[in-house]
Amino acid sequence: MLQGIRDNSKGVIAKVIVGFIVLTFALFGVESLVSLSQGSNAPATVNGEEISEADLFQATQLQRRSILAQMGENADPSSIDENLLSGMVLDSLIQEKALLLNAQENDLRISEAMIDDVILKTAEFQVSGAFNVAQFDNIIRNIGYTRFTYREYVRKNLILEQQRAALSLSSFVLPSAVNKIVELEKQTRDVRYFAMPIATVRALTEVSDAEVEAEFEKQKSTLKTTEQVVVDYVELNIADVAKSIDVSDEEINTQYQQVVASFESQEQRQAAHILVEVNDDVSDEQALEKINGLRARIDQGEDFASLAKEASDDFGNAEIGGDLGFVSKGVFEQSIEDELFALAEGEVSQAVEAESGYHLIKVSKVIKTNPATLAESKDKIISDLKESKAEDLYLEHFEKLTDLAFISSDLEDIAAELDLPIKTLPAFDRSGNDDPLTQNSKLIREAFSDELIKQELNSAPIEISRSHAVVLNVKEHLPVRAKTFDEVKDDLKEQLLTRKASEQLEQRAKQAIVDIKQTGDATESAADFELQTQLGLTRVSAQAPPQIVRKAFTLAQPVESKVTVDTATLADGSLAIIILDKVNNVKADEASEQEFEAYQNLLSNRFGQQSYQVFQQQVFESAEIEKL
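Basically my numbering = 1-based index in the sequence shown + 636.
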């Protein structure tokens, strides 16, 4: 077979095919052959520009990490709907891509210096107030970025911010409009009001047994219990495990000696460096020659920080004189660390070869610390040893718990083997109950699973946290059923009382409005309630309930000595009758210059935000978007 392929490859057709492949490589690269056979795998394109699978994956993972971080210690990754999350992230990337392409069309650009400035001034990348390269690398690596991809992330954000600012900050508002807003905002109103508490009316309302029974018949088909379970469980907790642990004097002394020994590695040095990179454009010999030249200039009295700003290839700290902040052992590669911790305070090294090129290192300050005495350290050492032992013992018990949960038909053997009490969670539904354990989504899913309910198995250990686990066994399953009259009669009576009271309150309020409009006098209508007066009520007044303030400023201005009357529902369900007696208008020129300027800025910002939102929508709607 191989010989046949070799023979056939010498024909004219084979040579044409090979020629086509070579031409394709030359013009479009190797990816073109793959795309011919596979097509594009991009989840979406915007105006012909692809959003790659890698872009979507990274953005989704970042969003996923953010969600889990917000969930805290009890974060449950399985509770995240991956398809929903991916879809939301893709929509966000599409909008971002459309805006970036528009910015590109309008020639919006960000310089490398601006990106450097943002990175250097980011507080999270600083140690003791100075940019720290190790801190920077560690943080961006943890969120899935390289130095290059993080710079692109910063670039995109700055371009989008530049685009937003160009629109929002160019918005303005005419002085006449500001005057009108000032007059409306500073306007006050004279009002009277009285609350008609629903509790007062409710106390005078009666509901008969026949009415309750009739209501039961009406709602009967909807009055059902929720599915519930009663659960037995055993609980493994590291705090309980730790109570059985003892620490010997020998262990304490051994640990203290390790603490003393570790103090050598805790020495900190404030350092700075100058880097000359070896790369495609700079050979090893050229880099060494340059770094030796810089060392010679330092020997002649030139300032180290000034030379770092002028010549260092480390973009992260060149502008701050090569400052690395305070560093300990274990941060840098060995050749740099050996030289850094061999230098005396104020000394500058000779050329140090490292992976990235050649370095000059300066030590500005050395901080050495002395270990605490055994007596001073003893309590902490005991605590640390107990914690360490408890972690090991917890893991050992957790393994046993896992095995026993699988092979046992109930919790008895587990409880006996690990000396754990069997506890019970009272009946709860899928929303849980007052016990904090039932607020854990993993526990809820397990408790209502078929394996536990139908097959009557133990659950696998459910990790409530890293140091807390439980094993469940369903003691009783309470399926959905129709509720009896006795179970619901009290609730139905309460519903009827509230409904009747609300209806009576509405009727009484309507009559009060009619009477007050005719006479302007609220004395009789408010005879059973407390009539209050508020003169000069402002829009932000705290002297009256917020529902009354809001309603008062929606009422029409009284005319021809007539009052304006309406109702507002208060937070407790009570009705309030509001009587607007007078509107007190204020001229705009009575406002101070500072107030006028504040209103003008507020309105400009609001209009600017609205303009940008409209712009975003227009860009998105005009883009040609395709999704797989």
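For glycine and all other residues, C-beta sits at the position ideal for the given N, C-alpha and C.
Opposite residue i in the DSSP bridges: which residues?
{"i": "Y869", "result": "K1059, L1108"}
{"i": "T824", "result": "N1220"}
{"i": "I997", "result": "H909"}
{"i": "D1065", "result": "G1068"}
{"i": "Q762", "result": "F767"}
{"i": "V963", "result": "R905"}
{"i": "A990", "result": "G993"}
{"i": "K860", "result": "A1118"}
{"i": "I1003", "result": "Q904"}
{"i": "V984", "result": "K998"}
{"i": "H1113", "result": "V865"}
So, for residue i: in the same chain, excluding its five sequence neighbours on each side, which residues have a beta-carbon less than 7 angstroms away from its beta-carbon?
{"i": "I1184", "result": "Y829, A1204, A1212, I1214"}
{"i": "R791", "result": "I746, I751"}
{"i": "I927", "result": "V912, A987, Y994, L996"}
{"i": "A695", "result": "V725, L729"}
{"i": "A770", "result": "V967"}
{"i": "N815", "result": "A1224"}
Please name the residue, chosen from the options, that lies closest to residue i on a Cα-to-Cα basis.
{"i": "A878", "options": "Q799, A770, L1029", "result": "L1029"}
{"i": "E1023", "options": "F784, D1151, Y789, V883", "result": "V883"}
{"i": "A1096", "options": "E871, L735, D691", "result": "E871"}
{"i": "L960", "options": "P1182, I755, N768", "result": "N768"}
{"i": "D752", "options": "D950, V984, E1260, T1074", "result": "D950"}
{"i": "S807", "options": "E1262, N1237, V1255", "result": "N1237"}
{"i": "G1068", "options": "D1122, Q864, F1256", "result": "Q864"}
{"i": "A1008", "options": "Y892, F968, E741", "result": "Y892"}
{"i": "A980", "options": "L1108, S992, S1000", "result": "S1000"}
{"i": "L1114", "options": "K1125, I956, K860", "result": "K860"}
{"i": "P811", "options": "I888, A1052, F1232", "result": "F1232"}
{"i": "A801", "options": "E1257, E1112, N1241, S714", "result": "N1241"}
{"i": "Q1143", "options": "D717, I795, I834", "result": "I834"}
{"i": "A1063", "options": "D868, I888, E938, Q894", "result": "D868"}
{"i": "L756", "options": "N738, G958, V1116, L721", "result": "G958"}
{"i": "E1257", "options": "K854, L1108, D727, S857", "result": "D727"}
{"i": "N889", "options": "T681, A766, D1015, E1035", "result": "D1015"}
{"i": "E983", "options": "D1208, G929, I779, I934", "result": "I934"}
{"i": "A944", "options": "G929, Q936, H909, D916", "result": "H909"}
Under the three-state reduction of DSSP, which class applies to residue i: helix, strand or coil?
{"i": "E969", "result": "coil"}
{"i": "S1210", "result": "coil"}
{"i": "V918", "result": "coil"}
{"i": "Y781", "result": "coil"}
{"i": "G958", "result": "coil"}
{"i": "K879", "result": "coil"}
{"i": "N975", "result": "For clarity, residue 975 is Glu in the given sequence; the question names Asn instead. Looking at E975 - three-state DSSP - the assignment turns out to be helix."}
{"i": "F830", "result": "strand"}
{"i": "A1118", "result": "strand"}
{"i": "E686", "result": "strand"}
{"i": "I1152", "result": "helix"}
{"i": "Q1170", "result": "strand"}
{"i": "I1215", "result": "strand"}
{"i": "D1028", "result": "helix"}
{"i": "E1160", "result": "coil"}
{"i": "G708", "result": "helix"}
{"i": "T1074", "result": "helix"}
{"i": "R701", "result": "helix"}
{"i": "F808", "result": "coil"}
Within its chain, find whatever has a CB closer than 6 angstroms to the CB of residue i; leave out the 5 residues flanking it on each side and keep chain order.
{"i": "E667", "result": "For E667, the predicted model reports a pLDDT of 39, less than 50, meaning its position is unreliable and no value from the coordinates is stated."}
{"i": "E975", "result": "S985, V988, I997"}
{"i": "R838", "result": "L1133, A1137"}
{"i": "D1070", "result": "none"}
{"i": "E1112", "result": "V866"}
{"i": "Q906", "result": "F962, S1000, K1001"}
Using a C-beta cutoff of 8 angstroms, does residue i count as contacting chain D?
{"i": "A1178", "result": "Any reference to chain D falls outside this structure, which holds one protein chain only."}
List the endpoints of the continuous beta strand (DSSP E) containing residue i.
{"i": "D1202", "result": "1200 to 1205"}
{"i": "V682", "result": "680 to 682"}
{"i": "K1263", "result": "1261 to 1263"}
{"i": "I1100", "result": "1098 to 1101"}
Residue range of the alpha helix (DSSP H) that residue i falls in?
{"i": "L1047", "result": "Note, L1047: premise wrong, no alpha helix (DSSP H); not H, not E."}
{"i": "E1233", "result": "1229 to 1258"}
{"i": "V1185", "result": "1182 to 1188"}
{"i": "F1165", "result": "Per DSSP, F1165 belongs to no alpha helix (DSSP H) and is neither H nor E."}
{"i": "A1008", "result": "Segment: none, A1008 is in no alpha helix (DSSP H) and carries neither H nor E."}
{"i": "I755", "result": "748 to 757"}
{"i": "V725", "result": "718 to 741"}
Output needed for residue i: all residues of its chain with C-beta closer than 8 angstroms, excluding positions within five of it in sequence on either side, in chain order.
{"i": "V1166", "result": "Here the sequence assigns Glu to residue 1166, which means Val is not the residue at that position. Cβ within range, chain order: F830, A831."}
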